[in-house]
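Asks: What follows is a single structure, and I will ask about it in a moment.
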Ligand code: AMP
């Protein structure tokens, strides 16, 4: 497995892979890899000749007071795990390589970034869209794989790719969970053992919501209230948002029809966790 740290080298390597007629699959990550990331690398492995994984904690998607400085990092371990899952190349640039000099250009996706995490983390999706545009131009992938764990993120990247005529496919992989249902996340390492137990409430609330919908409770306020109660029973939990929205527009629903996205962000102690489920 090859480790590349500069955009120039990545572009040269991508050009030569493409000249040989081979397909490039790309999995962008912020590292501290877990089974969720590895499942996406394996998906890429099945579809591409060459799999590139980026490991880059992107400073411009963190807001003031968020966890940029403490975000968990273990590059050696990540390399070993990524290679085992099928990565051929790790792209691992420094922040200076990505944003050095007079960096002035950002990608803004409208409307679908205004709700859910976008409403709570101003500038977050601008940072995500910008870094993905830059990484796509470095890696020149035929397709990129994103996790449904970050549902809004994959919608934003799909929108950006369509609107800017980016010549790649966006593929979404399912959410990988711990045995008690907690969605895997690099941030789960922040949780104390008591918080770790209580964190299962996110998934339990989503399951409760979908269960009630299947039992024909279609009123969004009633569904949200039942979910809210389940979460607020946990002493360390504080809801950041809990929404039931249209899966395409991310606009709030008042009643659930054929499709809905149930999405939430909850602080467990000081750790902000997100999860979602599609009905
Ligand atoms: P991150 O390193 O958190 O930026 O995540 C990198 C990619 O892995 C994103 O596309 C995430 O949606 C995806 N991902 C993170 N956690 C999971 C999970 N539990 N299951 C599936 N994909 C995930």
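In this note's numbering, the protein residues as written are 395 to 673. Just so it is clear, CB atoms sit at the ideal spot from N, CA and C, and this is done for glycine as well. Bear in mind the structure is a predicted one, so any value in this text is a computation, not a measurement.
1. Compute the distance between the beta-carbons of residue 485 and residue 411, then report whether it is under 8 Å.
2. Rounding to the nearest angstrom, what Cα-Cα distance links residue 481 and residue 446 in this structure?
3. In the DSSP assignment, find the unbroken alpha helix (DSSP H) run with residue 512 in it and report its ends.
4. On the premise that residue 580 lies in contact with residue 450, defined as a C-beta separation below 8 Å, what is that separation, rounded to the nearest angstrom?
5. In whole angstroms, what separates the C-alpha of residue 610 from that of residue 616?
6. Do residue 599 and residue 625 come within 8 Å of each other at the CB atom, strictly closer than that value?
7. Could you give the residue range of the beta strand (DSSP E) that holds residue 637?
8. Could you tell me the alpha carbon to alpha carbon distance between residue 403 and residue 441, rounded to whole angstroms?
9. Determine, using beta carbons only, whether residue 530 and residue 550 come nearer to each other than 8 Å.
10. Is residue 545 helix, strand or coil by DSSP?
11. Out of 406, 672, 405, 457, which has the shortest C-alpha to C-alpha gap to residue 568?
12. CB residue 467 to CB residue 443, shorter than 8 Å?
13. Kindly confirm or deny that the stretch 494 to 513 and the stretch 641 to 658 touch, where touching means at least three C-beta pairs closer than 8 Å.
14. How about residue 487: is its Cβ closer than 7 Å to a heavy atom in the ligand AMP?
15. Across which residues does DSSP place residue 445 in a beta bridge pair?
16. For residue 547, is the beta carbon positioned less than 7 Å from some heavy atom of the ligand AMP?
17. So does the stretch 531 to 549 actually touch the stretch 464 to 479, counting three or more Cβ pairs closer than 8 Å?
18. In chain order, what residues of the same chain lie with their CB nearer than 6 Å to the CB of residue 448, ignoring the 5 residues before and after it?
19. Just to confirm my understanding: we take residue 554, look at its own chain, exclude 5 residues before and 5 after, and list those with CB closer than 8 Å. What are they?
20. Thinking residue 620 and residue 602 are a contact (beta carbons under 8 Å), I'd like their distance in whole angstroms, please.
21. Are the CB atoms of residue 418 and residue 535 within a distance shorter than 8 Å?
22. May I ask you to report which of helix, strand or coil DSSP gives residue 456?
23. Roughly how many angstroms lie between the CA atoms of residue 457 and residue 513, to the nearest whole one?
24. Assuming residue 608 is part of the alpha helix (DSSP H), what are its boundary residues?
25. Taking Cβ positions, are residue 593 and residue 667 nearer each other than 8 Å?
26. Less than 7 Å between the CB of residue 563 and some heavy atom of the ligand AMP, yes or no?
Replies: On the basis of the data shown:
1. As a position in the chain shown, residue 485 is number 91, starting the count at 1. As a position in the chain shown, residue 411 is number 17, starting the count at 1. Going by C-beta atoms, residue 485 is not nearer than 8 Å to residue 411.
2. Translated into positions along the chain shown, residue 481 becomes position 87. Translated into positions along the chain shown, residue 446 becomes position 52. So the alpha carbons of these two residues sit roughly 6 Å apart.
3. Numbered from its first residue, the chain shown carries residue 512 at position 118. Counting along the chain, the alpha helix (DSSP H) containing residue 512 begins and ends at 510 to 514.
4. Position 56 of the chain shown holds residue 450. Position 186 of the chain shown holds residue 580. That pair is no contact at about 13 Å.
5. Counted from its first residue, the chain shown places residue 610 at position 216. Counted from its first residue, the chain shown places residue 616 at position 222. C-alpha separation (whole angstroms): 12 Å.
6. Translated into positions along the chain shown, residue 625 becomes position 231. Translated into positions along the chain shown, residue 599 becomes position 205. Yes. Within cutoff.
7. Residue numbering aside, residue 637 sits at position 243 when the chain shown is read from its first letter. Where residue 637 is concerned, the enclosing beta strand (DSSP E) stretches over 631 to 639.
8. As a working note, residue 403 is residue 9 in the chain shown. As a working note, residue 441 is residue 47 in the chain shown. Their backbone Cα atoms lie some 24 Å apart in a straight line.
9. Walking along the chain shown from the start, residue 530 turns up at place 136. Walking along the chain shown from the start, residue 550 turns up at place 156. Going by C-beta atoms, residue 530 is not nearer than 8 Å to residue 550.
10. The residue you call residue 545 lines up with position 151 of the chain shown. Residue 545 falls in the helix class under three-state DSSP.
11. Taking the chain shown and counting its residues from 1, one reaches residue 568 at position 174. The residue with the shortest Cα to Cα distance from residue 568 is 672.
12. Mapped onto the chain shown, residue 467 falls at position 73. Mapped onto the chain shown, residue 443 falls at position 49. Contact flag unset, no.
13. yes
14. Against the chain shown, residue 487 aligns to sequence position 93. Every heavy atom of the ligand AMP is 7 Å or more from the Cβ of residue 487, so no.
15. Indexing the chain shown from 1 puts residue 445 at position 51. Per DSSP, 419.
16. For the purposes of this step, residue 547 is identified with residue 153 of the chain shown, where counting begins at 1. Answer for residue 547: yes, Cβ within range of the ligand AMP.
17. no
18. For this step, residue 448 is matched to residue 54 along the chain shown. Closer than 6 Å at Cβ, skipping near neighbours: 422, 485, 529.
19. For the purposes of this step, residue 554 is identified with residue 160 of the chain shown, where counting begins at 1. 501, 503, 523, 526, 527, 560, listed in sequence order.
20. The residue you call residue 620 lines up with position 226 of the chain shown. The residue you call residue 602 lines up with position 208 of the chain shown. Indeed, because the Cβ distance is near 6 Å, the residues count as touching under 8 Å.
21. The count along the chain shown starts at 1 and reaches residue 535 at position 141. The count along the chain shown starts at 1 and reaches residue 418 at position 24. Result yes, Cβ atoms of residue 535 and residue 418 sit closer than 8 Å.
22. In the chain shown, residue 456 corresponds to position 62, counting from 1. Correct three-state label for residue 456: coil.
23. Residue 457 sits at position 63 when you count from the first residue of the chain shown. Residue 513 sits at position 119 when you count from the first residue of the chain shown. Spanning the two alpha carbons is a distance of roughly 12 Å.
24. In the chain shown, residue 608 corresponds to position 214, counting from 1. Segment 595 to 608, the alpha helix (DSSP H) holding residue 608.
25. Counting from 1 along the chain shown, the entry for residue 593 is found at position 199. Counting from 1 along the chain shown, the entry for residue 667 is found at position 273. Their beta carbons are under 8 Å apart, which means residue 593 touches residue 667 by this criterion.
26. As a working mapping, residue 563 is identified with position 169 in the chain shown. Answer for residue 563: no, Cβ out of range of the ligand AMP.
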